[in-house]
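Numbers given in my numbering equal positions in the sequence shown, counted from 1, plus 1. Even glycine gets a Cβ: it sits at the ideal position worked out from N, Cα and C.
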Amino acid sequence: MKARYSGREEVGQEPTYGRSLSNIFRFSNLSNNMLICLYYYSHNYRLEIKMSLLSTKMEELLNKQLNQELRNAYLYLSMASYLDNLGLRGFAHYFKVQAKEELGHAMKIYGFINDLGGRVVLQDIPKPKESWGSVLEIAEDFYKAEVENTWRFYELMDRAREEGNKSVESFLKWFIDEQVEEVSSASDLLAKVRMVGEQKHALLMLDSKLAERK
Ligand code: MG
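Pasting the structure below:
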């Protein structure tokens with residue numbers, strides 16, 4: 002694994018007499034890309050330590066997952082819009098709350114990348130699906146999206162373990178637990194929508210119930 006240097010070139014004021022020894026010494030044989038840069042300047046020498054606890058690959062994968070959370074938020078908001086248009090305000094509310102949760106997940110990853118000395122790079126979010134054949138199809142898409150997302154976290158965890166990155170592993174643990182709840186909620190909703198079937202009255206009752214989601 003190749004270490005990265007993201008140290009700064011300028012440190013405080015210009016040195017009094019040159020920077021002949023301002024070479025940066027890199028020690029890339031440390032685990033997890035820990036980088037130590039030594040700057041000599043002025044009549045003092047100062048030790049600058051710049052650490053990045055993320056490998057280039059892990060940073061890329063976390064950025065990808067951040068993008069995926071935003072994609073899911075966008076998908077759920079699109080579902081909400083479709084349901085609002087049908088007059089199913091309770092269902093729409095449920096998916097708006099879900100979309101906000103996904104934004105929260107994205108921001109959690111954003112903060113973590115920064116905390117570990119990485120850089121958040123935002124990618125494109127494609128246009129989400131905009132119409133569905135039935136409420137059942139929406140519930141199925143929701144369930145599928147959460148199951149797929151869970152597998153993404155499993156793969157990220159595998160990678161973190163391969164790299165021996167305990168910080169990423171610990172961080173991902175929260176998401177893996179969270180995904181159990183997400184899949185369970187999506188599964189519950191899907192089961193209820195299946196039970197309702199073509200019964201309009203039951204659908205409206207479920208709609209009122211979903212409006213209560215906090
Ligand atoms: Mg999420």
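Check	Outcome
Figure out for me which residue from S171, L211, S132 and A187 has the closest Cα to the Cα of L117.	S171
Please state whether the Cβ-Cβ distance between K97 and A107 is less than 7 Å.	no
Rounding to the nearest angstrom, what Cα-Cα distance links L204 and L84 in this structure?	12 Å
Would DSSP call I177 helix, strand or coil?	helix
Skipping 5 residues on each side, what residues in its chain have a beta carbon closer than 6 Å to that of Y75?	I126 and P129
Hey, out of F143, F154, I114 and S135, whose CA is closest to D53's CA?	In the sequence on display, residue 53 carries Ser and not Asp. Here the closest residue by C-alpha is I114.
Classify D178: buried if its beta carbon has 16 or more other beta carbons within 10 angstroms, exposed otherwise.	exposed
Could you have a look at Q200 and say whether DSSP puts it in helix, strand or coil?	coil
From K101, V169, E60 and K145, pick the residue whose C-alpha is nearest to that of L123; which is it?	E60
Apart from the five residues just before and just after R90, which ones in its own chain have a Cβ nearer than 6 Å to its Cβ?	none
Thinking just about the alpha-carbon of each residue, which of R195, Q66, L62 and R72 is nearest to the one in K101?	R72
Apply the 10 Å Cβ neighbour rule to S132 and answer buried if 16 or more other Cβ atoms are within range, or exposed otherwise.	exposed
One question on the structure: do Y95 and R214 come within less than 7 Å of each other, judged by their Cβ atoms?	yes
So what's A212 in DSSP terms, helix, strand or just coil?	coil
Quick one: is the Cβ of Y199 within less than 6 Å of any heavy atom of the ligand MG?	Checking the sequence shown, residue 199 turns out to be Glu, not Tyr. Not under cutoff, so the answer is no.
Along the chain, where does the alpha helix (DSSP H) that runs through N166 open and close?	First-last for N166: undefined, no H or E at that position.
Could you give the DSSP three-state label for Q124: helix, strand or coil?	coil
Does the beta-carbon of A192 have 16 or more other beta-carbons within 10 angstroms, so that it is buried, or is it exposed?	exposed
Given A212, which residues of its chain have a CB within under 6 Å of its CB, disregarding the five upstream and five downstream residues?	G91 and H94
Who are the near neighbours of S209 in its chain, counting only those whose CB is closer than 8 Å to its CB and skipping five residues on each side?	G91
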